[in-house]
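Numbering (the working numbering), first residue to last: -18 to 108. We put the beta carbon where it would ideally sit given N, CA and C, even for glycine. Please read these numbers as outputs of a predicted model, since none were measured by experiment. Okay, so here's the structure we're looking at.
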């Protein structure tokens, strides 16, 4: 993924546009895409922002609002499955979520619920 242009280049494009050059001319002069220069100038004129915004998606989940509910489900039923959680979320809260969404929600909180089969007792335990 590419990074943001330098703030120096962005400033030169904005200064050229402010000095009376058209945005398209400023973009061509500094080797920036026309649509990029148009976005920069529009944002600068509307809000005064000259710096790049943070890139990437915020790490949020639609399940964040239901955190207390989901953690309560685990406390209530220790061996609840993701499928059962999905069904209860849809039924009781009207929220549809995929398995991956639920898994990531719990993974971000460091919560793992492993299902283990019942193990046979060792010989020493039965004696």
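Going by beta-carbon coordinates alone, are residue i and residue j separated by less than 9 Å?
{"i": "residue 42", "j": "residue 10", "result": "no"}
{"i": "residue -6", "j": "residue 5", "result": "no"}
{"i": "residue 33", "j": "residue 3", "result": "no"}
Kindly indicate which residue of the options has the alpha-carbon position closest to the one of residue i.
{"i": "residue 17", "options": "64, 48, -9, 56", "result": "-9"}
{"i": "residue 44", "options": "86, 102, -14", "result": "86"}
{"i": "residue 92", "options": "68, 78, 105, 55", "result": "55"}
{"i": "residue 84", "options": "21, 31, 38, 48", "result": "48"}
{"i": "residue 36", "options": "73, 71, 75, -14", "result": "-14"}
Taking the C-alpha atoms as reference points, what is the distance between residue i and residue j?
{"i": "residue 51", "j": "residue 100", "result": "29 Å"}
{"i": "residue 27", "j": "residue 8", "result": "19 Å"}
{"i": "residue 58", "j": "residue 68", "result": "14 Å"}
{"i": "residue 63", "j": "residue 72", "result": "14 Å"}
{"i": "residue 76", "j": "residue 0", "result": "52 Å"}
Give the DSSP-derived three-state secondary structure of residue i in the structure shown.
{"i": "residue 57", "result": "helix"}
{"i": "residue 6", "result": "helix"}
{"i": "residue 30", "result": "coil"}
{"i": "residue 19", "result": "helix"}
{"i": "residue 103", "result": "coil"}
{"i": "residue -15", "result": "coil"}
{"i": "residue 47", "result": "helix"}
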